[in-house]
Amino acid sequence: MIAIASDHAGFALKEKIKKHLEELKFEVCDFGT
163 MIAIASDHAG FALKEKIKKH LEELKFEVCD FGT
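In structure tokens form, the structure reads like this:
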């Protein structure tokens, strides 16, 4: 499992990274902004 989070400035990049990790079959836990 990979945990991710960001501030408001990094939201768009966090979403791209999350999608990429999920495509690679990683389980992602998103702690939001």
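Going by this note's numbering, the sequence shown opens with residue 163, and the numbers climb by one from there.
Using N, Cα and C, we set each Cβ at its ideal position, and we do this for glycine too.
Rounded to the nearest whole angstrom, the CA to CA distance from K178 to M163 is 17 Å.
Less than 8 Å divides the Cβ of F193 from the Cβ of A167. The C-alpha of E189 lies about 8 Å from the C-alpha of L183.
Setting aside the 5 residues that flank it on each side, C191 is surrounded in the same chain by M163, I164, A165 and I166, each with a C-beta closer than 8 Å to its C-beta; the list follows chain order.
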